[in-house]
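A.B. asks: Letter by letter, the sequence shown follows residues 9 to 327 in my numbering.
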Amino acid sequence: KQIMLSRSTQQKTVDVGFDDSHQLGSQLSDVRKKTTRIISVTTIQRASFLVCSLALINEAIVPHFNAPNDSRNLDGASGKVRLPWIYKGFKDVSDPRESVIDDDGKDAPVFWHIHKSGGSTMKEIFGACYRMCMAHSVPGLDHETEIAKLPNANYANVDLATSRGIKRAKDLGLAQSGIAQVMVTPEVYKVASIFDESHRGKVFALFRHPIDRFVSKFNYLSYATWERTYDPLKANMTLEEYARSDLGEESNWMVRMITNNRRTEVTREDLEVAKEFIRKKVLVGLLSEIEASVERFEKFFHWRHTSDWMRQEMCKDER
Numbered sequence: 009k010q011i012m013l014s015r016s017t018q019q020k021t022v023d024v025g026f027d028d029s030h031q032l033g034s035q036l037s038d039v040r041k042k043t044t045r046i047i048s049v050t051t052i053q054r055a056s057f058l059v060c061s062l063a064l065i066n067e068a069i070v071p072h073f074n075a076p077n078d079s080r081n082l083d084g085a086s087g088k089v090r091l092p093w094i095y096k097g098f099k100d101v102s103d104p105r106e107s108v109i110d111d112d113g114k115d116a117p118v119f120w121h122i123h124k125s126g127g128s129t130m131k132e133i134f135g136a137c138y139r140m141c142m143a144h145s146v147p148g149l150d151h152e153t154e155i156a157k158l159p160n161a162n163y164a165n166v167d168l169a170t171s172r173g174i175k176r177a178k179d180l181g182l183a184q185s186g187i188a189q190v191m192v193t194p195e196v197y198k199v200a201s202i203f204d205e206s207h208r209g210k211v212f213a214l215f216r217h218p219i220d221r222f223v224s225k226f227n228y229l230s231y232a233t234w235e236r237t238y239d240p241l242k243a244n245m246t247l248e249e250y251a252r253s254d255l256g257e258e259s260n261w262m263v264r265m266i267t268n269n270r271r272t273e274v275t276r277e278d279l280e281v282a283k284e285f286i287r288k289k290v291l292v293g294l295l296s297e298i299e300a301s302v303e304r305f306e307k308f309f310h311w312r313h314t315s316d317w318m319r320q321e322m323c324k325d326e327r
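1. Can Phe98 be considered in contact with the ligand FAD, in the sense that its beta carbon sits closer than 7 angstroms to one or more heavy atoms?
2. Using the beta-carbon count (16 or more within 10 Å), is Asp115 buried or exposed?
3. Could you please give me the residues that DSSP links to Val89 through a beta bridge?
4. So who's on the other strand from Leu294, going by DSSP bridges?
5. What is the C-beta distance between Cys141 and Lys157, in whole angstroms, given that I count them as a contact (C-beta under 8 angstroms)?
6. Under a Cβ-count criterion, where at least 16 other Cβ atoms within 10 Å of its own Cβ denotes burial, should Phe282 be classed as buried or exposed?
7. Compare the beta carbon distance of Val263 and Leu279 with 8 angstroms and say whether it is the shorter of the two.
8. The alpha helix (DSSP H) with Asn177 in it runs from where to where?
9. Cα separation between Ile94 and Val101?
10. Give the straight-line distance between the Cα atoms of Lys96 and Trp120, rounded to the nearest whole angstrom.
11. Cβ of Glu195 within 8 angstroms of Cβ of Met130?
12. For Leu247 versus Tyr238, is the C-beta distance shorter than 8 angstroms?
13. State the Cα-Cα distance for the pair Arg2 and Glu284, rounded to the nearest angstrom.
14. Could you name the residues that DSSP lists as bridge partners for Arg208?
15. On the DSSP bridge assignment, give the partners of Tyr163 in chain order.
16. Just to confirm, is the Cβ distance from Val118 to Gly186 under 8 angstroms?
17. Classify Phe309 as helix, strand or coil using the three-state DSSP reduction.
18. Check whether the Cβ atoms of Ala232 and Ile202 lie closer than 8 angstroms to each other.
19. According to the Cβ coordinates, are Ser145 and Ala164 closer than 8 angstroms?
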């Protein structure tokens with residue numbers, strides 16, 4: 009069975025097929041099998057329900073804007089699921105795209121950085137291979153009063169990984185400046201606030217099997233002493249010990265990022281909103297099919313090759 013990820017643009021239809029055997033229905037690897045037995049059913053459901061429910065065809069077009077406050081919602085395609093009004097800042101995936109390069113920065117690609125799901129690789133591709141100017145996470149810039157590209161670097165002088173940095177980016181008009189050719193952030197809900205009616209974002213993301221993401225997180229946190237979440241206890245734990253402990257508990261990170269529910273228990277309504285957001289607003293790629301996913305993003309956003317085409321393709325292959 010083929011799951012076809014199709015999207016019509018003004019110029020062409022982009023079709024990339026992903027074999028179902030390489031996705032959630034596939035046989036888990038040994039480490040997946042072992043970890044699945046260890047982690048409780050509840051935790052497995054918490055980690056995997058978003059990935060298991062990706063809706064890949066986004067067709068509804070909903071009127072946006074002029075909302076009095078963020079408590080209002082956007083109707084979903086079914087008329088039952090409603091997205092937070094703040095997501096007026098993002099176009100539906102099915103909407104025609106106005107290029108950030110060709111049309112004075114009207115629409116900006118927004119890469120939702122899901123942790124341990126190929127985000128670092130994608131940032132290398134944006135910067136080193138496509139040589140795009142990224143708006144990502146450059147801290148300590150509060151003294152600067154204008155949006156600008158950093159000297160000798162493919163970065164804008166903003167921090168889209170923190171609430172404070174996002175507010176600064178909004179106040180200084182990042183979306184309107186057209187400087188950033190791609191924005192990278194884990195804070196997809198908050199970043200939506202920087203856009204307006206004339207300058208909107210289009211979201212894309214790489215998704216990863218939840219068990220693989222869990223194992224990768226365990227491996228990373230066992231040695232990443234520079235992270236504020238580093239805990240020396242984790243460095244001496246086995247995967248099984250980590251999975252059985254409170255340290256290994258999943259907390260619906262993706263749902264919380266989409267709904268901005270950071271404190272209270274995640275509800276079924278939160279889940280449905282998250283699924284609708286992915287269905288309507290996110291161009292989906294899979295880490296397990298990263299080459300096809302990058303090709304899909306490239307075609308969808310009309311990313312151009314540099315003058316040195318061979319170098320660019322080799323650069324992507326090296327990643």
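We put the CB at the ideal spot given by N, CA and C, even for glycine.
C.D. replies: The structure says:
1. Although the ligand FAD was asked about, the structure shown includes no ligands whatsoever.
2. buried
3. Answer is none; Val89 lacks a bridge partner.
4. Phe215
5. 5 angstroms
6. Checking the sequence, you will find Ala at residue 282 rather than Phe. Ala282 should be labelled buried.
7. yes
8. It is worth fixing the name first, because residue 177 is Ala in this sequence and not Asn. From DSSP, the alpha helix (DSSP H) with Ala177 extends over 171-179.
9. 16 angstroms
10. 16 angstroms
11. no
12. no
13. Limits of the chain in this structure are 9 at one end and 327 at the other, which puts residue 2 out of reach.
14. Asp115
15. Met142
16. no
17. helix
18. no
19. no
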